[in-house]
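S.K.:
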Amino acid sequence: MEDARKEEILKNLAEAVVEFEEDTAREWAQIALDEGMDAFEAIMDGLAAGMETVGDLYDRQEYFVPELLMSADALYAGLDILKPHIKQDAVKKMGQVVIGTVQGDVHDIGKNIIKLMFEVGGFDVHDLGRDVPLEKFVEEQLKTDAEIVAMSAMMTTTMVGMKKVIEMIKAKNPKVAIMLGGAPVTQDVAELWGADGYAESAGNAVQEAIKMISQLRKLQEQE
Amino acid sequence: MSELTPKERVVRLFKREPIDTMPCFSGMGMVAIQAINEMGIRFAEVHTSAENLARSAMLTAEMFGFDAVVIPYDMCTVPEALGRGVSLYDGAEDILYPTVPTKWSDPDDVEIPEDFLNRGRMPMVDEAFEILKSKIGDNLAIGGWVLGPFTMAGQVYELDLLLKGVRKDRERIEAFLSKMTDLVIKVARHYQAIGVDYMNIREMGSGSDLLSPKVWKTVIQPNLVRIFETLEIPTINHICGSTDLIIEMMNECGADALSVDQKNNVAESRKKLGSDVLLLGNFDPYGTLVTGDVGDVEPVIKKCIDDGVDAVWPGCDLWPEMKGENIEAYVQTVRKYGTQASPAVGRL
Chain A
1 MEDARKEEIL KNLAEAVVEF EEDTAREWAQ IALDEGMDAF EAIMDGLAAG METVGDLYDR
61 QEYFVPELLM SADALYAGLD ILKPHIKQDA VKKMGQVVIG TVQGDVHDIG KNIIKLMFEV
121 GGFDVHDLGR DVPLEKFVEE QLKTDAEIVA MSAMMTTTMV GMKKVIEMIK AKNPKVAIML
181 GGAPVTQDVA ELWGADGYAE SAGNAVQEAI KMISQLRKLQ EQE
Chain B
224 MSELTPKERV VRLFKREPID TMPCFSGMGM VAIQAINEMG IRFAEVHTSA ENLARSAMLT
284 AEMFGFDAVV IPYDMCTVPE ALGRGVSLYD GAEDILYPTV PTKWSDPDDV EIPEDFLNRG
344 RMPMVDEAFE ILKSKIGDNL AIGGWVLGPF TMAGQVYELD LLLKGVRKDR ERIEAFLSKM
404 TDLVIKVARH YQAIGVDYMN IREMGSGSDL LSPKVWKTVI QPNLVRIFET LEIPTINHIC
464 GSTDLIIEMM NECGADALSV DQKNNVAESR KKLGSDVLLL GNFDPYGTLV TGDVGDVEPV
524 IKKCIDDGVD AVWPGCDLWP EMKGENIEAY VQTVRKYGTQ ASPAVGRL
């Protein structure tokens, strides 16, 4: 495939996400496959690149949560077509993530966006859903041996539960990377409780997830 | 200086009449674990008994010298009365506020029973208000609150669908929000009839972290205007999260006061609004009273006053597990610096 054509396909995939065009995302995902583009490349450099732009637009207050959610829908539309065609040997298995919203919190928008980014990044995601009892995170991590546990709380009132989960998990397995998300979570809270990453807004979560995924990828390359 | 009762102080503040000193109160839950512990109950037991609800509010106010009591503490009483049920977390060791277990997935399915004010825990809350009135109603102010229509909608209908619907399914969502507005008006007027001294409408889920100012103006504002038009008692328009971009539009809604949280730049807002508007806010209750050191409380509270609030309000519910000494420092700081006139309210 010529570079110019490849650029065009990637640009259209990214734009479909930015413009929340689900049909267009599906269409260009199919074109990418038909013309022999690597599926993982189309996801990361097309769809995910678009989502990264959306995160920027959100942080600049040009986009808000409705736009973020519609972009996520467009991303899913493209992802559904491309994902079955990812060459397993071409992509090193990224690992596993246990994700959920802590007990007492039924808000799961931020969690679902992060989940999507991990799926895009090639992770196996174990989604525990919302209002998840704290010990469930620990059990699921032990059961799956997941490298990452991602927890979200939208309200201050439930955020404190995350501290307990971090303590329980780190006591059993200090190598697990913990990611916290949600409006009340600050850098101070994340550091104080020994989390490895945090995101306070959905836009910021997209960047944070991408950052975390690329860091993990570098670590794997070194091994 | 003549001494006012806490209730007089609060009521006069809302009328922008001179007061002796700034009242220390809120329009959100303000219950302290110290009161819950003294009662010998668990937090989970406070939401289902009129006696516990009223007593915990009174005891907290008494222990720390607040000028008002505010009930209920959780945001599920109305959704529960509409038939959504409630998760009370009876068995949880920690403090967890009740949540709504399941939501509608189609706004057209949402029905408001004629007698919803008699369902679920609504009568229990009424009874708690009656207890408060009879026991402290001459002395302390009694505050009521209801979620705003958009936030209420998000409590009974899947939030992601609601948010996307604002863009993709506008007509249907607007009709749904209008229905939610009727509901909010009914609840707020009901508490007005019971005799609360002020009514806080908490449209928490509508700040600029979630919705654009443009959507706020077209979708949120008209419903808030309609609510404030129908209430005769003092009203507060409270929104948490990012409000710098919408503070002037909040002021157009017709409430007697505006309340914002720590994300608002109050000094700037005061400039935009002028000195006649009652502005309440804006400290972070969790960071200041739960995790912060006692020495850090005074500067935080003083900054709210220096920035130009007319009464120091927490940005959200007081999280019950506060440090006692921090609450004391908060109240003392309000008393210490609250003797000076605020932008909209003079002193006797």
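Protein sequence lines correspond, in order, to chains A and B.
If you're matching positions, the first sequence starts at 1 in my numbering and goes up one per residue.
If you're matching positions, the second sequence starts at 224 in my numbering and goes up one per residue.
Glycine included, every Cβ here is placed at the ideal spot set by N, Cα and C.
Looking only at C-alpha atoms, which of B:297, B:324, B:275 sits nearest to residue 354 of chain B?
M.R.: Of B:297, B:324, B:275, the residue nearest in Cα terms is B:275.
S.K.: Could you give the distance in angstroms between the alpha-carbon of residue 301 of chain B and the alpha-carbon of residue 40 of chain A?
M.R.: Between residue 301 of chain B and residue 40 of chain A, the C-alpha separation is close to 47 Å.
S.K.: When you check each C-beta in the stretch 421-435 of chain B against every C-beta of chain A, which residues fall closer than 9 Å?
M.R.: Those residues of the stretch 421-435 of chain B that come within reach of chain A (Cβ to Cβ, closer than 9 Å) are 431, 432, 433, 434, 435.
S.K.: Name the residue from B:253, B:434, B:489, B:288 whose alpha carbon lies nearest to the alpha carbon of residue 533 of chain B.
M.R.: Per the Cα distances, B:489.
S.K.: Taking the straight line between their C-alpha atoms, what separation do you get for residue 10 of chain A and residue 330 of chain B?
M.R.: Whole-angstrom Cα-Cα distance: 37 Å.
S.K.: Could you tell me whether any non-hydrogen atom of the ligand NAP is closer than 7 Å to the CB of residue 544 of chain B?
M.R.: Judged by which ligands are present, the structure shown has none, so any question about the ligand NAP falls away.
S.K.: DSSP on residue 310 of chain B, reduced to helix/strand/coil?
M.R.: Note: residue 310 of chain B maps to strand in three-state DSSP.
S.K.: What does a CB cutoff of less than 6 Å around residue 240 of chain B pick up in its chain, not counting 5 residues either side in sequence?
M.R.: Answer for residue 240 of chain B: no residue qualifies.
S.K.: Please determine, among A:178, A:63, A:37, A:35, the residue with the shortest C-alpha to C-alpha distance to residue 17 of chain A.
M.R.: Minimum Cα distance to residue 17 of chain A is reached at A:63.
S.K.: I'd like the ranges of any beta strand (DSSP E) spanning at least 3 consecutive residues and lying wholly in the stretch 423-484 of chain B.
M.R.: Qualifying beta strand (DSSP E) stretches, in chain order: 458-462, 480-483.
S.K.: Looking at the structure shown, is residue 90 of chain A part of a helix, part of a strand, or coil, going by DSSP?
M.R.: Its pLDDT being 46, under 50, residue 90 of chain A is placed unreliably in this model, and the value from its coordinates should be taken loosely. Residue 90 of chain A: coil per DSSP, three-state reduction.
S.K.: State the DSSP-derived secondary structure class of residue 114 of chain A, mapped to helix, strand or coil.
M.R.: If DSSP states are grouped into helix, strand and coil, residue 114 of chain A belongs with the helices.
S.K.: Cβ atoms of residue 376 of chain B and residue 400 of chain B: under 8 Å apart, would you say?
M.R.: It is a contact, given that the beta carbons lie within the stated cut-off.
S.K.: With a threshold of 8 Å between beta-carbons, can residue 464 of chain B be considered close to chain A, or not?
M.R.: So yes, residue 464 of chain B belongs to the interface.
S.K.: Would you mind stating whether residue 435 of chain B and residue 462 of chain B have Cβ atoms separated by less than 8 Å?
M.R.: Against a cut-off of 8 Å, the Cβ pair of residue 462 of chain B and residue 435 of chain B comes out as no contact.
S.K.: When we look at the beta-carbon of residue 156 of chain A and count the other beta-carbons within 10 Å, is it buried (16 or more) or exposed?
M.R.: With 16 or more Cβ atoms within 10 Å of its Cβ, residue 156 of chain A is classed as buried.
S.K.: Can you name the residues that DSSP bridges to residue 502 of chain B?
M.R.: Per DSSP, B:481.
S.K.: Quick check on residue 296 of chain B - is its C-beta less than 8 Å from some C-beta in chain A?
M.R.: No, its Cβ sits nowhere closer than 8 Å to a Cβ of chain A.
S.K.: Check whether chain A comes within 8 Å of residue 317 of chain B, counting only Cβ atoms and requiring the distance to be less than that.
M.R.: Yes, its Cβ sits closer than 8 Å to a Cβ of chain A.
S.K.: Which stretch, first to last residue, makes up the beta strand (DSSP E) that contains residue 537 of chain B?
M.R.: Taken as a continuous stretch (DSSP letters only), the beta strand (DSSP E) holding residue 537 of chain B covers 534-537.
S.K.: Going along the chain, which residues of its own chain have a beta-carbon closer than 8 Å to the beta-carbon of residue 126 of chain A, five neighbours each way excluded?
M.R.: Within the same chain, residue 126 of chain A has close Cβ partners 96, 97, 98, 99, 140, 144, 146.
S.K.: Output needed in chain order: residues of the stretch 137-159 of chain A with a Cβ under 9 Å from some Cβ in chain B.
M.R.: For the stretch 137-159 of chain A, which is checked against every Cβ of chain B, the residues closer than 9 Å are 155, 156, 157, 158, 159.
S.K.: Could you tell me whether any Cβ in chain B is nearer than 8 Å to the Cβ of residue 98 of chain A?
M.R.: Output row for residue 98 of chain A: interface = no.
S.K.: Could you please give the first and the last residue of the uninterrupted beta strand (DSSP E) stretch that includes residue 144 of chain A?
M.R.: Looking at the DSSP string, residue 144 of chain A is not in any beta strand (DSSP E); the run it does join, the alpha helix (DSSP H), is 134-144.
S.K.: Count the other C-beta atoms from every protein chain shown that fall within 10 angstroms of the C-beta of residue 362 of chain B, then say buried if there are 16 or more, exposed otherwise.
M.R.: Burial call: exposed.
S.K.: Report the rounded CA-to-CA distance for residue 174 of chain B versus residue 481 of chain B, giving the unit in angstroms.
M.R.: In the structure as shown, chain B starts at 224 and stops at 571, and residue 174 of chain B therefore has no counterpart that could be examined.
S.K.: Compare the Cα-Cα distances from residue 104 of chain A to each of B:523, B:479, B:319, B:271 and report the closest residue.
M.R.: Among B:523, B:479, B:319, B:271, the Cα nearest to that of residue 104 of chain A is on B:319.
S.K.: Does any residue of chain B have a CB that is nearer than 8 Å to the CB of residue 121 of chain A?
M.R.: Not one chain B Cβ lies under 8 Å of residue 121 of chain A.
S.K.: Quick check on residue 460 of chain B: buried or exposed, where buried means 16 or more other Cβ atoms within 10 Å of its Cβ?
M.R.: That one is buried.
S.K.: Taking the C-alpha atoms as reference points, what is the distance between residue 73 of chain A and residue 12 of chain A?
M.R.: One C-alpha to the other measures close to 16 Å.
S.K.: CA-CA distance, residue 70 of chain A and residue 15 of chain A?
M.R.: Cα to Cα, the separation comes out at about 13 Å.
S.K.: Output yes if chain B places a C-beta closer than 8 Å to the C-beta of residue 56 of chain A; else output no.
M.R.: Answer no: the Cβ-Cβ gap between residue 56 of chain A and chain B never drops below 8 Å.
S.K.: Is the number of C-beta pairs between the stretch 403-413 of chain B and the stretch 495-512 of chain B that are closer than 8 Å three or more?
M.R.: They do not touch, by the three-pair rule.
S.K.: Is there at least one Cβ from chain B nearer than 8 Å to residue 183 of chain A's Cβ?
M.R.: By this cut-off, residue 183 of chain A is an interface position.
S.K.: Are there 16 or more other CB atoms within 10 angstroms of the CB of residue 188 of chain A, so buried, or fewer, so exposed?
M.R.: Its Cβ having fewer than 16 others within 10 Å, residue 188 of chain A is exposed.
S.K.: For residue 343 of chain B, does the count of other Cβ atoms within 10 angstroms reach 16, so buried, or fall short, so exposed?
M.R.: The residue in question, residue 343 of chain B, is buried, as its Cβ has 16 or more Cβ neighbours within 10 Å.
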